[in-house]
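J.: FYI, the numbering for the sequence shown is 192 to 405, going by this note's numbering.
Heads up, the beta-carbon is just placed ideally off N, CA and C, and yes, glycines get one too.
First the structure, which I've put down as structure tokens, then a few questions once you've had a look.
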Amino acid sequence: QVARSANRGELPSDAVVNDILRKLVVPPALMSLLDRGSGDNGGVVIPQELRNAVASLTSPPQQVLKDVGVVPFMDELIGSLEQIPRLVEEVADGANDFIPTPASVKNAARRAYRARRTLILGYEDDPIDESNEVETLLVEARSVTRMKRPMIQIDVERKELKGNHATPLLAPPLELAGRAEDLLGQDEAKERLLYEQADATVEELTKWLEAGNL
Numbered sequence: 192q193v194a195r196s197a198n199r200g201e202l203p204s205d206a207v208v209n210d211i212l213r214k215l216v217v218p219p220a221l222m223s224l225l226d227r228g229s230g231d232n233g234g235v236v237i238p239q240e241l242r243n244a245v246a247s248l249t250s251p252p253q254q255v256l257k258d259v260g261v262v263p264f265m266d267e268l269i270g271s272l273e274q275i276p277r278l279v280e281e282v283a284d285g286a287n288d289f290i291p292t293p294a295s296v297k298n299a300a301r302r303a304y305r306a307r308r309t310l311i312l313g314y315e316d317d318p319i320d321e322s323n324e325v326e327t328l329l330v331e332a333r334s335v336t337r338m339k340r341p342m343i344q345i346d347v348e349r350k351e352l353k354g355n356h357a358t359p360l361l362a363p364p365l366e367l368a369g370r371a372e373d374l375l376g377q378d379e380a381k382e383r384l385l386y387e388q389a390d391a392t393v394e395e396l397t398k399w400l401e402a403g404n405l
């Protein structure tokens, strides 16, 4: 909710601000002040004058970002990111409704995976990353292939990049990225639209493809 408000160039609602404050480790004296605040149920109230001042300051640049498509894209992106904690919880709780099952996929890959070159990309901040297990599995598959056909060269390479489970999904459409970079500059556009790490992923894939003359 804070991110969505910031994306619209607004301060978060009083309810959101107070909810955040109550979830933080707040000294008892400050908590007492919050409980006696001037809101409907106590708590902090941001003056409307301050909200209006922030809106007047952010309105011109906000309209430009909206016109080039940055604001709606960021709104969709925030929605995607909101799904990640639930996905992590489901995996941690042992979600097993994958079809085919992970065990079936592993057995099939171990027996039949025959790609000559494979690049496995993982991300530093991905709590459900399985790139290490995938690498182990494909190395086993390589051993099986070499026993049958020892002259075949099979390369399995794994790299870890900065980012998280959603990084490959964060790149905006090329047209939007181009407009944002023209408006904001390349570095700021990547920072504002959160696609610097996605861009690094593309660069890594490009280098790997070029190394294989693909």
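Starting from L361, trace the alpha helix (DSSP H) both ways and give me its first and last residue.
T.: Run containing L361: none; DSSP gives neither H nor E here.
J.: Are three or more beta carbon pairs between the region 326-343 and the region 369-381 nearer than 8 Å?
T.: no
J.: Measure the alpha-carbon distance for H356 versus I319 and round it to whole angstroms.
T.: 8 Å
J.: In angstroms, rounded to a whole number, what distance separates the CA positions of Y383 and Q344?
T.: According to the sequence displayed, residue 383 carries Arg and not Tyr. Those two C-alpha atoms are separated by around 43 Å.
J.: Three or more beta-carbon pairs under 8 Å between the region 385-393 and the region 334-342, yes or no?
T.: no
J.: Less than 8 Å between the beta carbons of R349 and G313, yes or no?
T.: yes
J.: Assuming L352 and E395 form a contact by the criterion Cβ under 8 Å, report the distance between their Cβ atoms to the nearest whole angstrom.
T.: With a beta-carbon spacing of about 7 Å, L352 and E395 fall inside the 8 Å limit used to define contacts.
J.: Report the option in A368, R305, D316 and R302 whose CA atom is closest to the CA atom of G354.
T.: D316
J.: What is the DSSP secondary structure of T309, counted as helix, strand or coil?
T.: T309 carries a strand assignment under DSSP once its states are collapsed to helix, strand and coil.
J.: Pick helix, strand or coil for E321, following the three-state DSSP scheme.
T.: coil
J.: Could you tell me the alpha carbon to alpha carbon distance between P203 and R370, rounded to whole angstroms?
T.: 28 Å
J.: Would you mind working out which of P238, P341 and E372 sits nearest D205, comparing C-alpha positions?
T.: It is P238 whose Cα lies nearest to the Cα of D205.
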